[in-house]
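Please read the structure below before turning to the comments.
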Amino acid sequence: SSPVPRRLFGEIKSPGYPKPYPNDNISVWDIHVPKGYVVKLTFRHFDLEPSESCFYDYVKIKADKKNLGRYCGQLGSTTGNHPGRKEFVSKGNRMHLAFHSDFSNEDNGTVIPYRGFLAYYQAVDLDECDPNNAAENDERPQCQHFCHNYMGGYFCSCRTGYQLQSDHHSCKVECSSELFTETSGYLSSPEYPQPYPEDLRCNYSIRLQRGLSIILRFLEPFEIDEHQQVHCPYDQLKIQARGREIGEFCGRESPGSIETNSNEVDILFLTDESGFSRGWKIHYTSEKIRCPQPVPWDRFTIIRDLQPVYQFQDYIVVSCKTGYNLMEGNRKLLSFTAVCQADGTWHQSMPRCETVNCGNPADLKNGAFSYVNKPANNNYQSVITYRCNEPYYHIVTGAGGDRFTCSPEGTWVDQDNQVRIPACLPVCGKPDNPIAEVQR
Amino acid sequence: ILGGKSASRGSFPWQALTSIHGRGGGALLGDRWILTAAHTIFPKGLGGNNVSLDQLAEKANIFLGHTDVEELHKLGNHPVRKIFIHPDYNPEDYYNFDGDIALLELKHPVTLGPTVLPICLPDTTNTTFYMDGHMGYVSGFGVEKNFISNNLKYVGLPAIAREKCQRWLDSKKRHLPIVFSENMFCAGFLTIKRDTCQGDSGSVFTVLDTESGRWVATGIVSWGIGCAEGYGFYTKVLNYVDWIKGIAKEDR
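Chains B and C, in that order, give the protein sequences. Just so we're aligned, residue 1 is where the first sequence starts under this note's numbering, counting upward by one. Just so we're aligned, residue 441 is where the second sequence starts under this note's numbering, counting upward by one.
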């Protein structure tokens, strides 16, 4: 008898394989793989003396106290019982092989050199969670809620609101500090939709990253003990968001969907010592918290790519129509961006757009300017023209002429977009009252 | 001015009254330059006093904007920033008024109006203004019949052909080494008593350029032999236009 080392695979050969096996031989093997595995064995080569019911030479396989068969013969021989490619799988983690050869391998006086067998075995994970694998007398208790198989073993877990007990299989209500951090998920009263247990003090905390808003959607059925006159005297489902009470619910009318506008929600479920209501179930989801739709102060404000909804980390770029300045108070801004913050507010308030004012045009020495537009003002697109004190000066302008417009940049520019104002140059040789002799 | 008339206001709005070494005249160019004769700043025969141009600039008084001397003084002086004397002018050479031209830069540009207006410079391609008989007008606050004038007078004088000037000069100068250079011209009459005189120096001889309709300074009262005893001699501005523009270099 040779115990097989506890490995996860190996070979088993008849004595002397691949030479013919000896007569009068009994060999046994005990295959023992680690717990959580089963043994799977196949014959790579099988060549034994055939006989009716394998009376002379044979291999006998046993596992789980059951006989898996008695094999002998040659591939294709009419007598005997050749195993072919059959896979032998144990239910437990042991398998037993027994080889037996009688005193001869003669046939009509001729010795036949039967070579015996070569078998290969391997440990295969036992999926303890597969109900079909639960052995009849399996001492292992079943997982009460969830079973999780892994190579070589398994573990149990419980539904939300339950805690795995020390036996690692059974679950007991434990919902005093359920924490949910996934961006969506389900939570429900224990045993839902079966009636919930009595005397519960369940506290479900949903904690998501800042900037997310949790939406609670109640599924049907929704049933919490209630009283016709008094509001929720027996059992209460309280929902709080960042300490702010959102509501206390009971009865059979579902609260439907609740936008909490918060990334932190606490759900307290308190029950008294009796009741047969089926409880509640929530599918929570989250979305980036929304900010209020930005509203411009005036009709000169442009919000780039206005969106129907703005959420956390979204931003808006605000500018003004040409000729208007972005103003925050009295401060002129070169640009404006507001970001939707994690608390659902914009990180800075909407600016205004005030018309560009170019200020008083530069005075022209020995000349003057006059407003073309009425009423005269220095706002964007106002137009002035420069004149010199004729006839004593004459105007010298750039290519852009003597008309200046208040530009979007807040400067007075001529038609050539130049800021340089004209000049008044003296007119020479033109007396107002030149000598003119009359008498001749 | 002898044999002239009183100028109306606004007829010679370029006329300046200068007071540097006594009374002189000048003409406004642009809005901050006074054209005048160099000898009103450095008179001939003044000899060794080494007054600097800056000191002279400090001392110079320039009046503009009226025909009456009293009124001019009331209007106030236009201080001078800098004086530019033509390099060819030689105050030591008593009988040589070559290069008798100067520019005074005013500290502050003046505001032009009907009584203060600049005179134009001649177009360097146009020499008709110096042809024999071409009429011009000279205004000035100079002496009239031995009396200094209290108001601006003017007189019309014809330019005279160079050879006539030279012939007359030869007959008058009696061995005086008087120089009649290319940079001068003469104007006036031999017998009619119309002329410029002391105190008119620096004033400009102007002609009406009929093409442009503008009055142009073709000469500067420079020198003569007596007053109204023949021709007067004027600095030929045409020959100095580049020098003037080089200094005044219109700052537009």
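Ideal placement from N, C-alpha and C gives every residue a C-beta, glycine not left out.
Beta-carbon contacts of residue i that lie in its chain and below 8 Å, excluding the five residues immediately before and after
i	result
Arg463 (chain C)	Leu457, Phe581, Gly582, Ile588, Gly639
Pro705 (chain C)	In the structure displayed, chain C extends from 441 to 692; residue 705 (chain C) sits before or after that span and is not available.
Phe402 (chain B)	The residue asked about is misnamed: residue 402 (chain B) is Asp in this sequence, not Phe. So the list reads Thr385, Tyr386, Arg387, Ile395, Asp414, Pro422, once near-sequence residues are dropped.
Gln418 (chain B)	Gly398, Ala399, Gly400
Ala510 (chain C)	Sequence inspection shows Glu at residue 510 (chain C); the Ala mentioned does not correspond to that position. Once the five neighbours on either side are set aside, the close Cβ partners of Glu510 (chain C) are Asn590.
Met571 (chain C)	Ala599, Ala601
Near the ligand ZN: residue i beta-carbon under 7 Å from a heavy atom
i	result
Ile31 (chain B)	Among the ligands in the structure shown, none appear at all, so the ligand ZN cannot be discussed.
Of the residues the options, the one placed nearest residue i, counting alpha carbons only
i	options	result
Arg521 (chain C)	C:Tyr674, C:Lys604, C:Ile502	C:Ile502
Thr355 (chain B)	B:Val111, B:Thr110, B:Arg244, B:Cys406	B:Cys406
Asp235 (chain B)	B:Asp225, B:Gly116, B:Pro195, B:Arg217	B:Asp225
Leu420 (chain C)	C:Gly664, C:Pro527, C:Leu543, C:Leu512	Shown here, chain C extends from 441 to 692; a query on residue 420 (chain C) therefore has no answer.
Phe218 (chain B)	B:His283, B:Ser157, B:His168	B:His283
Gln455 (chain C)	B:Val372, B:Cys428, B:Phe9, B:Gln439	B:Cys428
Ser296 (chain B)	B:Arg352, B:Cys129, B:Lys60	Here the sequence assigns Pro to residue 296 (chain B), which means Ser is not the residue at that position. Checked all of B:Arg352, B:Cys129, B:Lys60; the closest Cα to Pro296 (chain B) is B:Arg352.
Tyr154 (chain B)	B:His168, B:Ile112, B:Thr160, B:Tyr162	B:His168
Phe9 (chain B)	B:Tyr121, B:Gly109, B:Leu75, B:Gly36	B:Tyr121
Pro197 (chain B)	B:Trp412, B:Lys62, B:Ser277	B:Ser277
Glu259 (chain B)	B:Gly251, B:Arg252, B:Gln194, B:Ile239	B:Ile239
Ser621 (chain C)	C:Lys613, C:Tyr594, C:Phe673, C:Asn586	C:Phe673
Asn305 (chain B)	B:Asp432, B:Ser319, B:Gln228, B:Gln142	Sequence inspection shows Asp at residue 305 (chain B); the Asn mentioned does not correspond to that position. Closest by alpha carbon: B:Ser319.
Cys340 (chain B)	B:Arg290, B:Phe300, B:Asp266	B:Arg290
Ile665 (chain C)	C:Asn517, C:Ser652, C:Leu609	C:Leu609
Cut-off 7 Å between Cβ atoms - residues of its own chain near residue i, not counting five sequence neighbours on either side
i	result
Asp127 (chain B)	Asn133, Asn149
Leu616 (chain C)	Tyr535
Asp691 (chain C)	Residue placement at Asp691 (chain C) is flagged as unreliable, the pLDDT there being 38, under the threshold of 50; a coordinate-derived value is accordingly withheld.
Leu270 (chain B)	Leu200, Arg201, Asp235, Gln236
Asp298 (chain B)	Arg352, Cys353
Chain-order list of residues whose beta-carbon lies under 6 Å from that of residue i (same chain, five-residue window excluded)
i	result
Arg199 (chain B)	One detail in the question is off: residue 199 (chain B) reads as Asp in this sequence, not Arg. If we look at Asp199 (chain B) and ignore the five residues flanking it on each side, its Cβ neighbours are Glu273.
Gly596 (chain C)	Met575, Tyr577
Asn325 (chain B)	Lys332, Glu354, Val356
Arg94 (chain B)	His32
Glu136 (chain B)	Low local confidence applies: a pLDDT of 49 at Glu136 (chain B) is under 50, so the model's placement there is unreliable, with the coordinate-based value given in what follows. Correct list: empty, nothing qualifies.
Glu11 (chain B)	Tyr120
Leu179 (chain B)	Ser205
Pro483 (chain C)	His461
Phe645 (chain C)	Gly576, Val578, Thr658, Gly659, Tyr674
Ser254 (chain B)	Phe218, Phe222
Residue i in three-state terms, based on DSSP
i	result
Asn203 (chain B)	strand
Asn133 (chain B)	helix
Val265 (chain B)	strand
Tyr114 (chain B)	coil
Cys250 (chain B)	coil
Thr564 (chain C)	coil
Arg602 (chain C)	helix
Phe369 (chain B)	strand
Val647 (chain C)	strand
Thr480 (chain C)	helix
His574 (chain C)	coil
Leu678 (chain C)	helix
Glu52 (chain B)	helix
Gln165 (chain B)	coil
Leu493 (chain C)	helix
Asp691 (chain C)	Caution is warranted here: a pLDDT of 38 is assigned to Asp691 (chain C), below 50, making its placement in the model unreliable, and no coordinate value can be reported.
His100 (chain B)	strand
Ala123 (chain B)	strand
Ile607 (chain C)	Note on residue identity: the sequence assigns Arg, not Ile, to residue 607 (chain C). Reduced to three states, the DSSP call for Arg607 (chain C) is helix.
Leu552 (chain C)	coil
His461 (chain C)	coil
Leu512 (chain C)	helix
Phe43 (chain B)	strand
Expected contact under 8 Å - CB spacing of residue i and residue j to nearest Å
i	j	result
Ser257 (chain B)	Ser213 (chain B)	At roughly 12 Å, the Cβ-Cβ gap does not stay under 8 Å, so Ser257 (chain B) and Ser213 (chain B) are not in contact.
Ser26 (chain B)	Phe146 (chain B)	Rather than Ser, the amino acid found at residue 26 (chain B) in this sequence is Ile. Their Cβ separation, rounded to whole angstroms, is 48 Å, which puts Ile26 (chain B) and Phe146 (chain B) out of contact at 8 Å.
Ile316 (chain B)	Thr285 (chain B)	Actually they do not touch by this definition, with Cβ atoms about 25 Å apart.
Leu544 (chain C)	Ala500 (chain C)	6 Å
Asn378 (chain B)	Gly359 (chain B)	6 Å
Trp663 (chain C)	His526 (chain C)	Contact doesn't hold; Cβ gap of about 15 Å is too wide.
Tyr380 (chain B)	Pro408 (chain B)	6 Å
Ser643 (chain C)	Gly444 (chain C)	Their Cβ separation, rounded to whole angstroms, is 11 Å, which puts Ser643 (chain C) and Gly444 (chain C) out of contact at 8 Å.
Does the contact criterion of 3 or more C-beta pairs under 8 Å hold for the stretch 112-129 of chain B versus the stretch 44-57 of chain B? yes
For the stretch 464-471 of chain C and the stretch 548-562 of chain C, state whether three or more C-beta atom pairs, one from each stretch, are separated by less than 8 Å. yes
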